[in-house]
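Structure first, commentary second.
Residue numbers (the working numbering): 183 to 415.
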């Protein structure tokens, strides 16, 4: 047995609805600006006819189960929620055709991509990486995985409330690049693996939270995700 200087990280995993096994998480991919109305509210409209999707990643240490209470993060005054449909990959694939994308899907989840918006926008406007704005400890919230093997979700309400007030309300059918197109395009850059999660993008209505806020999101046909914002770190 190998000897380590210190204990290696535990396997990142999420519960699977209706099963005793856990879903081991491999990588976290995020699609940027994938709803037209959100792209407009961010000041960066998308023209699908001349653009491809773009992505960013987060480290596994950011993965946080639904129902958690997390501290308000340091070095930000503008901490935002982004409610998303999450695709759980269950089979390896590379250069996958859109028509075959369903073969890689194990299931889905509801997720929150929490964002230091002030730091993200500074980085964006200076042409710098988004890591400080996006790769936030406990900033990738995810519900249990709902097994829907080989199923492509094409429509379904996506909504989020903060303290009971609706902030985001849209539908999966408004994705600029749909689930099939995302898997096809992302698999041109990466050998997708079982355990990869793809956060598919957020609709309009993103906004700031403060300590004490309770976030509750839902994706129709998948389920809900919740998060409570604790005191500042």
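For every residue, glycine included, the Cβ atom is placed at its ideal position computed from N, Cα and C.
Delimiting residues of the alpha helix (DSSP H) encompassing residue i
i: residue 218; result: 218-223
i: residue 316; result: 313-316
Per-residue DSSP class, three states only, for residue i
i: residue 376; result: coil
i: residue 205; result: strand
i: residue 188; result: coil
i: residue 353; result: strand
i: residue 348; result: strand
i: residue 330; result: coil
i: residue 244; result: helix
C-beta contact flag for residue i and residue j at 7 Å
i: residue 293; j: residue 305; result: no
i: residue 242; j: residue 194; result: yes
i: residue 325; j: residue 207; result: no
i: residue 334; j: residue 395; result: no
i: residue 390; j: residue 189; result: no
i: residue 455; j: residue 330; result: With the chain running from 183 to 415 in the structure shown, residue 455 is simply not present.
i: residue 365; j: residue 267; result: no
i: residue 404; j: residue 328; result: yes
Same chain, Cβ closer than 7 Å to residue i, neighbours up to 5 away in sequence not counted
i: residue 234; result: 367
i: residue 258; result: 298, 300, 301
8 Å CB neighbourhood of residue i in its chain, flanking five on each side removed
i: residue 341; result: 265, 348, 350, 351, 352, 399, 400
i: residue 362; result: 280, 281, 283, 284, 334
Proximity test, Cβ basis, 7 Å: residue i and chain B
i: residue 309; result: The chain labelled as chain B is not found in the depicted structure, where only one protein chain is given.
Same chain, Cβ closer than 6 Å to residue i, five either side skipped, listed in chain order
i: residue 411; result: 254, 391, 393, 395
i: residue 339; result: 353, 402
TODO: Would you be able to state if there are at least three C-beta pairs under 8 Å between the segment 346-355 and the segment 298-318?
DONE: no
- [ ] Say whether the segment 243-254 touches the segment 380-387, bearing in mind that this needs 3 or more beta-carbon pairs closer than 8 Å, one atom from each stretch.
- [x] Counting Cβ pairs under 8 Å, fewer than three are found: no touch.
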